[in-house]
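Residue numbers (the numbering used here): 211 to 433.
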DNA sequence: TCATTAAATTGTT
DNA sequence: AACAATTTAATGA
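Rendered as structure tokens:
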């Protein structure tokens, strides 16, 4: 993995000085994981800040009786896991690869060094945390107020958040059962929603994935 | 390259 | 939850 590829998927590095960037890059380990792997497990010690370089990762949890729910998907360019690092606690959620992925692991020591030394890095984190907060407040809002079709539209649109995930293409390689987990509906209902959104011209459904055609339209759908 | 097969996913009931 | 149809990936002739 070239440092150029790494930079392209770690937008926060642009805010660092060349010296800081060199030091941080040399501490990062890149790992390839097969589809369906647990990247982090609930209860693990948090030792890294994790970036998605390719593929798709989901942040999820399962209830004691085995039911699963997904909080959000993380496409390439997204970095997650700062919460447990900041609070020095065990991981609170699972992170599972939905496809073959390459991921970047920034060690806790580098993360804390950046927190202590770089104001631009702190600003980046602040913006990311704020963006996530409004995303999750939005999720609670439309979970309670909107019909399943509109919830599907918003969930998909959230995966294309330009602040959190800059520069991802219109293709989203995710199965309908994974989208169902993400939205919190049955796979059958997810299938119906996707067909409705396709008829509305907002996206195209394909085998094992979707293509977004009208992102603003998805954000507006159901208002 | 093509045909066969298994596995995954989709669409419907 | 179950079923059939479709798509993909893998295998070997």
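Quick reminder that beta carbons are idealized off the backbone N, C-alpha and C, glycines included. A quick note: this is a predicted structure, and the numbers were derived from the prediction, not measured.
Cβ of residue 217 versus every heavy atom of the ligand FAD: is any distance shorter than 6 Å?
This structure does not include the ligand FAD; it has no bound ligands of any sort.
Apart from the five residues just before and just after residue 291, which ones in its own chain have a Cβ nearer than 8 Å to its Cβ?
Sequence index remark: in the first chain, residue 291 carries index 81 (1-based). Cβ within range, chain order: 250, 256, 258, 259, 260, 301, 305.
Exposure of residue 282, with buried meaning 16 or more beta-carbon neighbours within 10 Å
Within the first chain, numbered from 1, the residue matching residue 282 stands at position 72. Residue 282 is buried by the Cβ-count criterion.
Cβ contact check for the segment 326 to 339 and the segment 220 to 239: 3 or more pairs under 8 Å:
Yes, they touch.
Candidates 369, 424, 359: closest to residue 398 by CA position
As a position in the first chain, residue 398 is number 188, starting the count at 1. The option with the nearest alpha carbon to residue 398 is 359.
Inter-residue spacing [alpha-carbon to alpha-carbon] between residue 410 and residue 379
Locating residue 410 in the first chain gives position 200, where the first residue counts as 1. Locating residue 379 in the first chain gives position 169, where the first residue counts as 1. When rounded, the distance between both Cα atoms is 21 Å.
When burial is assigned at 16 or more other CB atoms within 10 Å of the CB, is residue 354 buried or exposed?
Taking the first residue of the first chain as position 1, residue 354 is located at position 144. Exposed, since its Cβ has fewer than 16 Cβ neighbours within 10 Å.
Does the Cβ-Cβ distance between residue 413 and residue 422 come in under 7 Å?
To locate residue 413, count along the first chain from 1; it is residue 203. To locate residue 422, count along the first chain from 1; it is residue 212. Yes. Within cutoff.
Assign residue 244 to buried or exposed, taking buried as 16 or more other Cβ atoms, counted over all protein chains shown, within 10 Å of its Cβ.
If you number the first chain from 1, residue 244 lands on position 34. It counts as exposed.
What does the Cβ neighbour count give for residue 388, buried or exposed, with the cut at 16 atoms within 10 Å?
Translated into the one-based positions of the first chain, residue 388 becomes position 178. The residue in question, residue 388, is buried, as its Cβ has 16 or more Cβ neighbours within 10 Å.
Given a cut-off of 7 Å, decide if residue 269 and residue 309 are closer than it, judged by their beta-carbon atoms.
For the purposes of this step, residue 309 is identified with residue 99 of the first chain, where counting begins at 1. For the purposes of this step, residue 269 is identified with residue 59 of the first chain, where counting begins at 1. It is not a contact, given that the beta carbons lie outside the stated cut-off.
Kindly indicate which three-state DSSP category residue 374 falls into: helix, strand or coil?
Locating residue 374 in the first chain gives position 164, where the first residue counts as 1. In this structure, residue 374 counts as coil in the three-state DSSP scheme.
Would you check if the segment 360 to 380 and the segment 273 to 287 touch, i.e. whether three or more CB-CB distances between them fall below 8 Å?
yes
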